[in-house]
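**Q**
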Amino acid sequence: MSSCLLRTTTVLIATAVLLAAPPRVRAQTEGQESEGVSSADIAAGLADPTHWLTYSGDYSGQRHSPLTQVTPRNVRRLMPQWTFQAGTFARGRGFETTPLAVDGVLYVTGANNYAWALDARTGRPFWEYRRTLPNDLTYGSSAPVNRGFAVLGERLFMVTLDAHLLALDRRTGGVLWDVVLTDYRVGYAATLAPLVVDDRVIVGISGGEYATRGFLDAYEPATGARLWRFNTVPGPGEPGSDTWPNDTAMARGGGATWMTGSYDPELGLLYWGTGNPNPDYYGGDRRGDNLYTNSLLAVEAATGTLRWHYQFTPHDTHDWDSNHVPVLATLDWQGRERQVVMVANRNGFFYVLDRVTGELLLGKPFTATTWAREIGADGRPIVLNEDGSTGCLPDQWGGTNFNPPSFDPKRKLFFVNARETCASFHAQPETQVVPGQVAAGGMVWVDRDKASGALRAIDVTTGQIEWEFAYPTPTMAGVMSTASGLVFAGDHEGNFTAFAAATGEDLWHYQTGASIWGAAAMTYMLDGRQQVLIPSGAALISFALGDD
Amino acid sequence: MRRTLLIGAWLLASACACSWPAGAAELVNPYEGDDAAVRAGSGLYAGRCADCHGADAKGNRGPDLTQRWAVGASDESVFTTIRQGVAGSIMPPSSAPDNELWAIVAYLRSISVVPPLASTGDPQRGRALFVAECEQCHRVGLAGGALGPELTMIGQVRSREALVAAVRDPSAAVALGYRAVTLRTKDGPRIEGIVKSEDAFSMQIMTTDGRLQGYRKSELVELTPATESLMPGFSVERLAAAALEDLLAYLGTLRGPAAELAR
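This is the structure in structure tokens:
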């Protein structure tokens with residue numbers, strides 16, 4: 007590699023605005039009974055600097071903190087404060103969680119359905135929870151991960167590899183209630199961080215590699231009673247059923263909902279991505295667009311009613327799930343203020359949609375994908391290489407994946423870890439479908455010599471890449487940005503790196519010792535000091551500024 | 685082109701590729717000899733088996749798996765053991781898809797003892813050839829260099845066909861950990877070596893004289909990956925067929941430290 011720094015555009019840093027703002031410190035609650043987390047606290051997002059109360063920090067999915075104590079000028083003084091080691095073998099996958107921060111305590115979920123409450127000052131545990139899992143897990147045996155808690159009042163909410171939803175006592179880790187989402191033995195699991203919206207706990211499901219049917223659920227926080235379910239693949243005669251050839255294909259049609267969505271409180275709409283149709287690679291038995299797979303859904307939080315949908319990859323045969331964190335923002339769009347939702351998709355395209363109507367405003371490739379290079383006037387991709395049996399398409403992990411992006415509303419830059427890969431897809435009809443056994447319908451061949459990664463900053467008004475920072479290999483690490491003009495991202499080799507948001511210059515990095523995989527950083531104030539935390543492998547590492 | 689068959693429950697599975705008629709006499713691994721499946725199996729092994737059987741499969745809490753075929757096991761019996769577990773032991777049954785288990789079997793087979801290598805050559809002449817041409821970079825027993833892979837057990841773990849290919853055209857497939865690079869610091873000479881590890885900010889190499897040296901990329905003024913292996917290709921002109929037979933005969937005797945030391 008001749009250079010690791012590939013930047014296409016450089017923007018000057020407005021240093022005058024990068025002075026650290028005085029930290030707002032909430033009254034500490036050491037030794038006091040906590041009053042609990044309210045719906046209003048969650049809706050306030052990151053306004054309280056001591057809080058990180060939901061997976062993305064707030065409902066917008068921007069993962070952009072208003073904190074400014076750590077700046078491009080001083081980030082070189084960032085020092086590890088403590089490391090927490092899970093002490094559990096993750097069977098190839100480590101922490102993919104985003105811890106929640108509440109009054110000096112971090113609430114963390116880990117692999118194999120372990121969970122902890124940690125002292126944010128020391129990393130020492132208050133309690134550990136471990137679920138006794140059955141020995142015949144299906145999906146959960148191959149990806150035994152968890153991406154985080156949700157919190158409301160004194161309850162923590164967590165999904166499990168055997169497809170349950172739990173409420174834990176925030177003070178003890180004790181189980182308050184335990185409800186079944188669905189039968190894991192068919193091929194389901196649950197791994198996402200639930201999303202608390204008012205008085206509902208919203209959860210999705212994993213399982214698109216098995217002959218399953220996806221859904222999105224809402225549960226009552228006090229009791230675990232189910233309030234509504236939206237099936238992501240229609241039933242016979244329902245809207246969208248005309249995009250499937252028959253009822254059999256729909257019944258196992260996939261469309262999993264395995265990543266946490268976003269929420270617009272004013273519109274009352276949830277924005278949630280859906281996964282691949284099943285079987286993944288063989289589409290011969292499911293001709294049609296296969297709604298609502300590989301889509302973004304706008305669903306009424308109160309009722310579970312679908313308001314609109316946009317399908318990124320019609321009739322997908324490449325496992326390009328659209329299970330991303332949708333990013334909500336208000337943009338000046340060609341002279342008109344628009345409420346938008348943005349997605350950098352596994353199919354290699356970056357999208358901006360009007361989140362009120364679902365209208366497509368922008369769709370531009372952010373990778374070198376040869377599957378398609380433009381979106382047609384009808385909002386559908388103009389596909390150049392459909393089946394991918396020859397040539398070089400993004401692999402089944404896609405141009406990016408579930409690893410969260412971030413968005414800097416001031417700079418109008420969307421930061422995403424992009425993957426450049428070369429794969430060919432070889433579909434095979436299935437002779438039989440066995441419940442509880444993977445049914446992907448083919449194979450993928452990946453050319454490892456043609457793989458690389460890059461952190462890219464996308465101008466959301468044009469789709470142009472403003473700058474990038476190249477990695478030797480594709481990464482599955484997430485991104486977080488801060489109002490001080492920093493972007494924190496991980497990579498597959500284990501570096502946790504701080505970049506200047508304006509230019510992409512790498513300002514500081516720390517070798518964590520394991521791939522940062524699926525996880526993104528979070529940040530919060532503790533005792534007047536900004537903490538920056540990154541999960542890596544089986545460890546959580548907390549950083550803060552050291553002395554000059 | 686090196687290709688990797690990626691296998692994982694969330695990636696793919698194809699029961700059809702691995703199915704067989706009920707009551708068939710012998711199950712055949714559909715991935716036998718498939719290098720991509722072997723690499724995929726390696727990853728699956730590391731995630732699911734290495735904790736008990738060791739990262740090199742030579743045993744830890746569980747038994748050494750590299751000797752299974754040498755003591756009479758078949759692909760089918762290993763597959764069945766993984767599927768069913770071992771009653772009364774800590775070895776659990778597996779519900780993973782068939783193709784994942786077959787990939788693990790293919791991987792274990794690839795690192796296991798292989799039948800004695802058949803060659804018409806003279807191992808003594810082959811040994812002399814090895815000392816003259818190979819030993820500078822390849823270690824056998826206590827002697828030899830470190831730039832190339834150690835070959836003390838190569839006769840156990842590589843087939844004749846694989847060895848011929850590696851000798852005649854080593855650049856066709858350079859293993860990770862043996863790719864060559866040329867680099868230079870601002871004030872230093874040009875340095876050639878093999879890449880042991882790399883990230884966005886640094887590179888760890890073994891120089892051609894066998895030193896382990898790490899570099900920060902920010903301090904390099906040149907960093908050029910090589911397209912060829914550092915090992916020269918031994919074409920027919922350079923190594924006649926008869927001499928290759930001698931070399932193969934010697935390599936076939938390399939079946940472990942004890943065998944080498946006893947000679």
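Protein sequences appear in the order of chains A and B. For any residue, its number in our numbering is found by taking its place in the first sequence, counting from 1, and adding 6. For any residue, its number in our numbering is found by taking its place in the second sequence, counting from 1, and adding 684. Where is the CB? At the ideal position from N, CA and C, for every residue including glycine.
1. Within a Cβ cutoff of 7 Å, which residues of the same chain sit near B/P777, ignoring the five residues on either side of it in sequence?
2. What in chain B is Cβ-close to A/D64, meaning under 8 Å?
3. Using a Cβ-Cβ distance under 9 Å, would B/S855 count as near chain A?
4. I'd like to know if the segment 475-488 of chain A and the segment 217-226 of chain A are in contact, where contact means that at least 3 CB-CB pairs between them fall below 8 Å.
5. Consider the Cβ of A/S148: report whether some Cβ of chain B lies at a distance smaller than 9 Å.
6. Going by C-alpha to C-alpha distance, which of A/G100, A/T178, A/A117 sits closest to A/L124?
7. Work out the CA separation of A/W278 and A/A27 for me, nearest whole Å.
8. Kindly indicate if chain B contains any beta-carbon less than 9 Å away from that of A/H70.
9. So the candidates are A/T74, A/S66, A/A49; which of them puts its Cα closest to the Cα of A/Q536?
10. Using a Cβ-Cβ distance under 9 Å, would B/P781 count as near chain A?
11. State yes or no: is the C-beta of A/T280 within less than 9 Å of the C-beta of A/T299?
12. Tell whether a beta-carbon distance below 9 Å holds between B/E817 and B/L867.
13. Taking beta-carbon pairs under 8 Å, can you tell me which members of the segment 498-509 of chain A lie near chain B?
14. For the segment 441-457 of chain A, which residues have a CB atom closer than 9 Å to at least one CB atom of chain B, in sequence order?
15. Give me the subset of the segment 509-537 of chain A whose CB atoms are less than 9 Å from a CB atom of chain B, sorted by chain position.
16. Indicate whether A/P283 and A/G274 have their beta-carbon atoms separated by less than 9 Å.
17. Starting from B/S726 and walking both ways along the alpha helix (DSSP H), at which residues does that stretch end?
18. Would you mind telling me which residues of chain A sit closer than 9 Å to B/P776, beta carbon to beta carbon, in chain order?
19. What's the C-alpha gap between A/G146 and A/N118?
20. In the DSSP assignment, the beta strand (DSSP E) including B/P977 goes from what residue to what residue?
21. Can you look up B/W753 in the DSSP assignment and give me helix, strand or coil?
22. What ranges does the beta strand (DSSP E) occupy inside the segment 145-203 of chain A, keeping only unbroken runs of at least 3 residues that lie completely in it?
23. Just to confirm before moving on: does the CB-CB distance between A/V331 and A/S71 stay below 9 Å?
24. For B/R811 versus B/Y934, is the C-beta spacing smaller than 9 Å?
25. Ignore the nearest five residues each way along the sequence and tell me which others in A/V181's own chain have a CB closer than 7 Å to its CB.
26. Let me know the beta strand (DSSP E) ranges lying completely inside the segment 320-372 of chain A, each 3 residues or longer, listed in chain order.
27. Indicate the three-state DSSP secondary structure (helix, strand or coil) for B/G898 in the structure shown.
28. For A/P245, is the classification buried or exposed, using 16 other Cβ atoms within 10 angstroms of its Cβ as the cut-off for buried?
29. So, is A/P435 buried or exposed, given that buried needs 16 or more other C-beta atoms within 10 angstroms?
30. So, with DSSP's three-state summary, where would you put B/N783?
31. Starting from the C-beta of A/Q34, find all residues in its chain whose C-beta is less than 6 Å away, skip the five residues before and the five after it, and write them out in chain order.
32. Can you pull the chain B neighbours of A/P478, defined as C-beta to C-beta under 8 Å?
33. Going by DSSP in three states, B/K742 sits in which element: helix, strand or coil?
34. Return the residue from the list A/L546, A/G534, A/L551 that minimises the CA-CA distance to A/T104.
35. Start and end of the beta strand (DSSP E) containing B/T866?
36. Reducing DSSP to helix, strand and coil, say where B/R793 ends up.
**A** From the atom records:
1. Walking along the second sequence from the start, residue 777 of chain B turns up at place 93. Excluding the 5 residues flanking it on each side, B/P777 has same chain C-beta neighbours closer than 7 Å at R767, Q768, G769, in chain order.
2. Numbered from its first residue, the first sequence carries residue 64 of chain A at position 58. None at all; the shortest Cβ gap to chain B is about 29 Å.
3. As a first step, residue 855 of chain B is located in the second sequence; it is residue number 171 there, counting from the start. Under the Cβ criterion of 9 Å, B/S855 is not counted among the residues facing chain A.
4. Touching, no.
5. By one-based count along the first sequence, residue 148 of chain A stands at place 142. Interface residue (Cβ-Cβ distance to chain B less than 9 Å): A/S148 is classified as such.
6. For the purposes of this step, residue 124 of chain A is taken as residue 118 along the first sequence, with counting starting at 1. Checking every option, the nearest Cα to that of A/L124 belongs to A/T178.
7. For the purposes of this step, residue 27 of chain A is identified with residue 21 of the first sequence, where counting begins at 1. For the purposes of this step, residue 278 of chain A is identified with residue 272 of the first sequence, where counting begins at 1. Unreliable placement is indicated for A/A27, whose pLDDT of 35 sits below 50; the coordinate value is still reported in the next sentence. As the crow flies, the alpha-carbon of A/A27 is around 34 Å from that of A/W278.
8. Working through the first sequence from its first residue, we reach residue 70 of chain A at position 64. Closer than 9 Å: no.
9. Within the first sequence, residue 536 of chain A is the residue found at index 530, counting from 1. Selection A/T74, A/S66, A/A49 evaluated against A/Q536 yields A/T74 as nearest (Cα-Cα).
10. As a first step, residue 781 of chain B must be located in the second sequence, where it is residue number 97. The beta-carbon of B/P781 is placed less than 9 Å from the nearest beta-carbon of chain A.
11. Numbered from 1 along the first sequence, position 274 holds the residue referred to as residue 280 of chain A. Numbered from 1 along the first sequence, position 293 holds the residue referred to as residue 299 of chain A. Going by C-beta atoms, A/T280 is nearer than 9 Å to A/T299.
12. On the second sequence, residue 817 of chain B is found 133 positions in, with the first residue counted as 1. On the second sequence, residue 867 of chain B is found 183 positions in, with the first residue counted as 1. With contacts defined as CB atoms closer than 9 Å, B/E817 and B/L867 fail to qualify as a contacting pair.
13. The segment 498-509 of chain A vs chain B, Cβ under 8 Å: E499, G500, N501, T503.
14. Near chain B, meaning a CB-to-CB distance below 9 Å, the residues of the segment 441-457 of chain A are G442, Q443, V444, A445, A446, G447, G448, M449, V450, W451, V452, D453, R454, D455, K456.
15. Near chain B, meaning a CB-to-CB distance below 9 Å, the residues of the segment 509-537 of chain A are D512, H515, Q517.
16. For the purposes of this step, residue 283 of chain A is taken as the residue at position 277 of the first sequence. For the purposes of this step, residue 274 of chain A is taken as the residue at position 268 of the first sequence. The answer is no: Cβ separation not under 9 Å.
17. Numbered from its first residue, the second sequence carries residue 726 of chain B at position 42. Counting along the chain, the unbroken alpha helix (DSSP H) around B/S726 starts and ends at 719-732.
18. Numbered from 1 along the second sequence, position 92 holds the residue referred to as residue 776 of chain B. At a beta-carbon threshold of 9 Å, the residues of chain A lying near B/P776 are N141, ordered along the chain.
19. As a working mapping, residue 146 of chain A is identified with position 140 in the first sequence. As a working mapping, residue 118 of chain A is identified with position 112 in the first sequence. Straight-line Cα distance between these residues: approximately 8 Å.
20. It is not possible to answer for residue 977 of chain B, since the shown part of chain B is limited to 685 through 947.
21. By one-based count along the second sequence, residue 753 of chain B stands at place 69. Three-state result, B/W753: helix.
22. 156-158, 161-165, 170-175, 181-186, 201-203, all fully within the segment 145-203 of chain A.
23. Here residue 331 of chain A refers to the residue found at position 325 of the first sequence. Here residue 71 of chain A refers to the residue found at position 65 of the first sequence. No, they are not a contact pair.
24. Numbered from 1 along the second sequence, position 127 holds the residue referred to as residue 811 of chain B. Numbered from 1 along the second sequence, position 250 holds the residue referred to as residue 934 of chain B. Yes, they are a contact pair.
25. Here residue 181 of chain A is taken as the residue at index 175 of the first sequence, counted from 1. Excluding residues within five positions, the ones whose Cβ falls inside 7 Å are L172, L174.
26. Fully enclosed beta strand (DSSP E) runs of no fewer than 3 residues occupy 333-339, 342-350, 355-360, 366-371 of the segment 320-372 of chain A, in order along the chain.
27. Sequence index remark: in the second sequence, residue 898 of chain B carries index 214 (1-based). DSSP places B/G898 within a strand segment (E or B) once states are collapsed to three.
28. For the purposes of this step, residue 245 of chain A is taken as the residue at position 239 of the first sequence. Around the beta-carbon of A/P245, fewer than 16 other beta-carbon atoms lie within 10 Å, marking it exposed.
29. Against the first sequence, residue 435 of chain A aligns to sequence position 429. Exposed is the call here.
30. Within the second sequence, residue 783 of chain B is the residue found at index 99, counting from 1. In this structure, B/N783 counts as helix in the three-state DSSP scheme.
31. Taking the first sequence and counting its residues from 1, the one referred to as residue 34 of chain A is at position 28. The pLDDT assigned to A/Q34 is 37, lower than 50, so where the model puts this residue is not dependable, and the model offers no usable value.
32. For this step, residue 478 of chain A is matched to residue 472 along the first sequence. Under the 8 Å cutoff, chain B gives E882, D883, A884.
33. Within the second sequence, numbered from 1, the residue matching residue 742 of chain B stands at position 58. In the three-state reduction of the DSSP assignment, B/K742 falls in the coil class.
34. The residue labelled residue 104 of chain A in the question sits at position 98 within the first sequence. Among A/L546, A/G534, A/L551, the Cα nearest to that of A/T104 is on A/L546.
35. Within the second sequence, numbered from 1, the residue matching residue 866 of chain B stands at position 182. Bounds of the beta strand (DSSP E) holding B/T866 are 863-869.
36. The count along the second sequence starts at 1 and reaches residue 793 of chain B at position 109. The answer is helix: DSSP assigns B/R793 an H, G or I state.
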